[in-house]
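Colleague: The following block contains the structure, expressed as structure tokens.
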Amino acid sequence: MTRRVVVTGTGATSALGLTADELWDGLLAGRCGVKKIQAFEPTGFPCQLAGEVPDYKIRKCVPKTHRKATKLMSRDIEISVIAADDAVKNSGLVTKATDPENATLTPTRTAISFGAGLISCDIGEIAQSVEKATTDGAFDIHKWGTDGLQSLTPLWLLKYLPNMLPCHIGIIHDIQGPSNTITCGEVAGHIAIAEAASTTGEIRRGDERIAQIS
Numbered sequence: 106m107t108r109r110v111v112v113t114g115t116g117a118t119s120a121l122g123l124t125a126d127e128l129w130d131g132l133l134a135g136r137c138g139v140k141k142i143q144a145f146e147p148t149g150f151p152c153q154l155a156g157e158v159p160d161y162k163i164r165k166c167v168p169k170t171h172r173k174a175t176k177l178m179s180r181d182i183e184i185s186v187i188a189a190d191d192a193v194k195n196s197g198l199v200t201k202a203t204d205p206e207n208a209t210l211t212p213t214r215t216a217i218s219f220g221a222g223l224i225s226c227d228i229g230e231i232a233q234s235v236e237k238a239t240t241d242g243a244f245d246i247h248k249w250g251t252d253g254l255q256s257l258t259p260l261w262l263l264k265y266l267p268n269m270l271p272c273h274i275g276i277i278h279d280i281q282g283p284s285n286t287i288t289c290g291e292v293a294g295h296i297a298i299a300e301a302a303s304t305t306g307e308i309r310r311g312d313e314r315i316a317q318i319s
């Protein structure tokens, strides 16, 4: 007998807010999230408008035991952690992160199926390294390995690996089941849903009770 698979909670981080409810309310009200770029100085760029996620405090979504790890989170990871936190709370689940004393989640029977795309480097973080690898104002690939990379920390790459997004989510919420990251451009999220529901058979087969999809 095929088991039914249902969506019990949703989370979203968008230019209209940090939760799925804020996104929905913004859409119903006809609000526009596109504004002048605030994340960096856009002067000189052909387009100076973008839909940016509002300011947030990542530490509010991360338990004290894991807050040191925020140093290894890129903006993409932080946004994913916030959306996952919203989805968990929206579903009514209680995890190690939301209430460690009364967690209802079974860690070993919970999986993550994650859709991710290209994670771009932070401009402020990479600019200094690029500047050191220039010759007469032009980027010099030969100086990149010797001069440019010296400005980056050894763990710099961990901020930009797609599988690190579900990794942090899994650690924060104590999810110990399979963790699968799909990297397939704009359809990655859709494929992640299919993977969680049927392709891997995680839920229908009864191997996992819950699959968190991001």
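Start counting the sequence shown at 106; every next residue gets the next number (this note's numbering).
Positions of the beta carbon are idealized from the N, C-alpha and C atoms, including for glycine.
(1) If we count the other Cβ atoms within 10 Å of its Cβ and call it buried at 16 or more, is S179 buried or exposed?
(2) Give me, in chain order, the residues of the same chain whose beta-carbon lies closer than 6 Å to that of T305; leave out the 5 immediate sequence neighbours on both sides.
(3) Hey, quick one: how far does the alpha helix (DSSP H) through G197 stretch, first residue to last?
(4) Over what stretch of residues does the beta strand (DSSP E) that includes S234 continue unbroken?
(5) So S188 and A302 are supposed to be a Cβ contact under 8 Å. How far apart are they, rounded?
(6) Which stretch, first to last residue, makes up the beta strand (DSSP E) that contains E217?
(7) Kindly indicate the opening and closing residues of the alpha helix (DSSP H) around I274.
(8) Below 8 Å on the Cβ atoms is my guess for A208 versus K201; work out the distance and round it to an integer in Å.
(9) Verify whether the separation of the beta carbon atoms of A155 and V139 is less than 8 Å.
(10) Can you list the beta strand (DSSP E) stretches of 3 or more residues lying completely in the stretch 123 to 184, in chain order?
(11) Considering Cα atoms alone, identify which of C137, V292, H278 and A120 is closest to T213.
(12) Around the Cβ of V111, are there at least 16 other Cβ atoms within 10 angstroms (buried) or fewer (exposed)?
(13) Going along the chain, which residues of its own chain have a beta-carbon closer than 7 Å to the beta-carbon of H273, five neighbours each way excluded?
(14) Could you tell me the boundaries of the alpha helix (DSSP H) in which I296 lies?
(15) Inspect the beta-carbon positions of G114 and A216 and report whether they are closer than 8 Å.
(16) In angstroms with no decimal places, state the Cα-to-Cα distance between A297 and I287.
Modeller: Walking through what the data contain:
(1) buried
(2) Low per-residue confidence applies at T305: pLDDT is 47, beneath 50, and the placement is therefore not dependable enough to give any value.
(3) Careful: G197 lies outside any alpha helix (DSSP H) and carries neither H nor E.
(4) Taken as a continuous stretch (DSSP letters only), S234 belongs to no beta strand (DSSP E), being part of the alpha helix (DSSP H) at I228 to K237.
(5) It should be noted that the sequence gives Ala, not Ser, for residue 188. Between A302 and A188 the Cβ distance is about 19 Å, and since that is not below 8 Å, they are no contact.
(6) The question names Glu, yet the displayed sequence has Ile at residue 217. Start and end: T215 to A221.
(7) M269 to H278
(8) 5 Å
(9) yes
(10) 139 to 141 and 154 to 156
(11) H278
(12) exposed
(13) A174, M178, I182 and V186
(14) A293 to A299
(15) no
(16) 6 Å
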